[in-house]
Amino acid sequence: MTFLSRFFFFTALSYSQISLASTQLVDNACSTALSEQHVLQSAHFTSQADLKADPSVRFLGFDIIDKQGEPHLRARFAASQLGFAYFDVYTEHSYLHCGFFAPERQQGNRQAWAADLPVREALARLQDSNTLGIWIYSEREVDGKSQNFSTELAYSRTALLKLLQHHDATRLPYALKMQHPSDLNQASADNDIVYCLNSRFGECDYSHPGYHEPVHLILPIKGEIVLDGYISRLLFKEDVEQGELSVAATDFGVWNWNNPVYELGALRGNAKAFLTPFFTLSYQSVPGSEQIQTKIAWDIPSQYGAFLNRNTYARDYETYWLMSFAFEHNPLGSPEQAKQLGFTEEAYQRHAQASFIALTGLDEAKQGAFKLAPLKVTFP
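Under mature numbering (1 follows the signal peptide of the UniProt record, and there is no 0), the residues of the sequence shown are numbered -21 to -1, 1 to 359, in order.
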C-alpha cells in the first residue's frame, strides 16, 4: 500500500469513529426486591394493551460480562429516534431486568442501552418458570408527533439458561461458529471486522465487489449454532406475521448509525422463500443422556448476501451486525420421544412453543461471552 493510500485509510477510520455509538448502562430496578414504584409503573404501562409494537426498537440479546470479578447477565436494547423506553425482562414469577431509559443525547438516529444482573441472581430467578418474556414501552416522534408503542417478545428460556451455565471461557456459548462475517485478517487478530467500500487493501476483511456492482453492502454469511432441545422449524417473517407471533423473525441485519435496520430477507419480496434454502436443521444427542440438541446451520454466498438498500453503503465505525433465530420447539422433545411417553400427535402439537434468540455484534460486546464484533465500514 502506498503512503497516500495508507493515509486515507487511517484518516477514514479516525473520522468514522465520530459515529461510534456507545451503549448506555442503566440501573436495573429488578436487581433487588421489586420496589412499589416499579410495580405501579408496570401496571400503568401494561394497561395500555391496545398499542402497536415499535418497529424501531430492538432487543439485541443477552451476554455475559465480567464486572469486578463477578459474571453478570447483560440485556442489550437499541432504538431509533427514541424519546424514552421502559423495559421488563420477566418470567412467570419474577423479573430479571427492568428499568427506564432516556437518551442522554442524540447519536445519529440510533440509541443503545443495557442493564446488568449478577448471574447467580439470574439463575435463581429463572429456575421457577418455563417462559421468558421481554416487554418494552416506548415513545418516539413519528412524522413530528409523539407516539407510544408496546412491544412484547418471547425469548428462549432454554437458551438463556444454557448461557447462564456457560463456564468455559475458551469456547463460545451455544457452540457458536461464525465463518462469515468474521475477522479474516489474522495478522491483526483484533476481532475487528473491516469492510472496505471501494478498495481491497490488506487491512480489509471484506471488500465491495467493484464499481460495476450496485451500491449496497454485500457479504457472505456462514455459520452454525447448537441449541438445546428439539427445534421442528425456523420461523421467518411470513410465519411470524401470519401466526401473529411475539418473536423476532429469523434474519440477518445491518444497522448503521444514521439509518434504520436493514434485514437480508425482509428486503426481498418473500423472506421465507429467499432464506429457507440457505438453512439446515440437524439433530444430535448429548453424550450420556437422552437430551436432544438442534444444530442450525446457514451458508449464504456473497452473491445472495446483498442488503438491497443504498443506505447500507455508508461509512460507519460501528455498524451493528444482527442475527435473529426464531423457531418452533417442543419441550416434549422429538415426535418419537413424545410418542414413547404416550402423547398423541395432537397433544404433541399443543405443546409446541415459539421463541427466538438474538445475537448482535457491537463494539462493547467484543469482551463478552460471544466475542461478536461490529462491522467497521470504511473508505477507501
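We put the beta carbon where it would ideally sit given N, CA and C, even for glycine.
Its chain contains Asp230, Gly232 as the residues whose beta carbon lies nearer than 6 Å to that of Glu242, once the 5 sequence neighbours on both sides are disregarded; these appear in chain order. Beta-bridge partners of Pro50 (DSSP): Asp45. Counting of Cβ neighbours within 10 angstroms places Arg119 among the buried residues, the total reaching 16 or more. For the set Ser334, Cys77, Leu338, the Cα lying nearest the Cα of Ala133 is the one of Ser334. Ala337 places its beta carbon 8 Å or farther from that of Val219. Taken in chain order, the whole alpha helix (DSSP H) runs of length 4 or more contained in the region 82 to 149 are 98 to 105, 136 to 143. Annotated three-state conformation of Gln270 is coil, per DSSP.
Annotated three-state conformation of Gly340 is strand, per DSSP. Judged by beta-carbon spacing, Val5 lies beyond the 8 Å limit of Pro50, meaning their Cβ atoms are not closer than that value. Considering only Ala285, Leu139, Ile210, Leu224, the residue with the shortest C-alpha distance to Arg53 is Leu139. Put simply, of Ser35, Ala148, Phe80 the residue whose alpha carbon is nearest the alpha carbon of Asp45 is Ala148.
Residue pairing of Tyr299 in beta bridges, as defined by DSSP: Trp234. Nearest neighbour of Leu206 by Cα position, chosen from Leu354, Asp67, Gly312, turns out to be Gly312.
Rounded to the nearest angstrom, the gap between the Cα atoms of Pro256 and Arg55 is 30 Å. Burial check for Val173: the Cβ neighbour count within 10 Å reaches 16 or more, so the residue is buried. For Tyr69, the enclosing beta strand (DSSP E) begins and ends at 61 to 69. For Tyr327, the enclosing alpha helix (DSSP H) starts and ends at 324 to 329.
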